[in-house]
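Peer 1:
Numbering (our numbering), first residue to last: 4 to 62.
(1) Which residue or residues does DSSP assign as beta-bridge partners of residue 38?
(2) If I measure Cβ to Cβ from residue 36 and keep anything under 6 Å in the same chain, skipping five residues before and after, which residues do I get?
(3) Give the DSSP-derived three-state secondary structure of residue 56 in the structure shown.
(4) Helix, strand or coil: how does DSSP classify residue 30 here?
(5) Roughly how many angstroms lie between the CA atoms of residue 40 and residue 59, to the nearest whole one?
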């Protein structure tokens, strides 16, 4: 058995239903990040963040 208390006892974790998961607005994969209130997967978050920063520099 593992020595990690957290791994052995997950009673403190809340159940997550599939309907509660957010999906990336670009590709539909599970979202990990939000930018301007829109959920993004890692790949599309990086792209959206780069575009946002590029727009900020031009102003």
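Glycine included, each C-beta is placed from N, C-alpha and C at the ideal position.
Peer 2: Based on what the coordinates show:
(1) 41
(2) 43, 48
(3) It is helical.
(4) Reduced to three states, the DSSP call for residue 30 is coil.
(5) For residue 40 and residue 59, the gap between their C-alpha atoms comes out near 18 Å.
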